[in-house]
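Numbering-wise (our numbering), the sequence shown opens with residue 22 and increments by one.
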Amino acid sequence: MKKYSSITCALTVAFIGLILIGCETTQSGAASAPPPNSGHVFIYRVANFGTDLSLVVSVDGKDVGSFSEGRNYSDYLPAGQHVLVARVDPNRTGVQPGRKTLNVKAGQTYVYTAAWSGGGEKLTLVLGQ
């Protein structure tokens, strides 16, 4: 019985060691700096957006992500004018996308919320406070 207990203990210790090695992470020690001459843009998806709907975000005509429940857009954009578009997917009812033209200034942060307006007929991008 003692031999069985020793083997079980050794295997348990080895298993825990493998788990700890697999969970090891590396940290750079400091957060990476934002790109030079850029601004930070956030687009939050409202809580009542819809559980089976995705928020698709486009910047300057290029899709940059599809965000499901609990996920939001966050990225740095170069200084200058950009067009942000938020649309719903799947768009079963012909909902109009939300659109904003933004003049990004270096070092600034811009916060928007993608929300429904017009009884759910339109998606809007509302500038946060």
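Every residue, glycine too, gets a C-beta built ideally from N, C-alpha and C.
Setting aside the 5 residues that flank it on each side, Asn93 is surrounded in the same chain by Phe63, Ile64, Tyr65, Arg66, each with a C-beta closer than 7 Å to its C-beta; the list follows chain order.
Here the alpha carbons of Asn69 and Thr134 stand approximately 12 Å from one another.
The three-state reading of DSSP puts Thr130 in strand, counting E and B together. Non-local beta-carbon contacts of Arg120 in its own chain, meaning distances under 6 Å to residues more than five positions away in sequence, involve Val106 in chain order. Distance from the CA of Lys126 to the CA of Pro57, rounded to the nearest whole angstrom, comes to 11 Å. Within the region 64-93, no complete alpha helix (DSSP H) segment of 4 residues or longer occurs. The Cβ-Cβ distance between Val78 and Gly86 falls below 8 Å. Minimum Cα-Cα distance from Leu123 among the listed residues Gly140, Val80, Gly71 corresponds to Val80. Within 10 angstroms of the beta-carbon of Arg108 lie 16 or more other beta-carbons, which makes it buried. Rounded to the nearest whole angstrom, the C-alpha separation of Leu76 and Ser89 is 6 Å.
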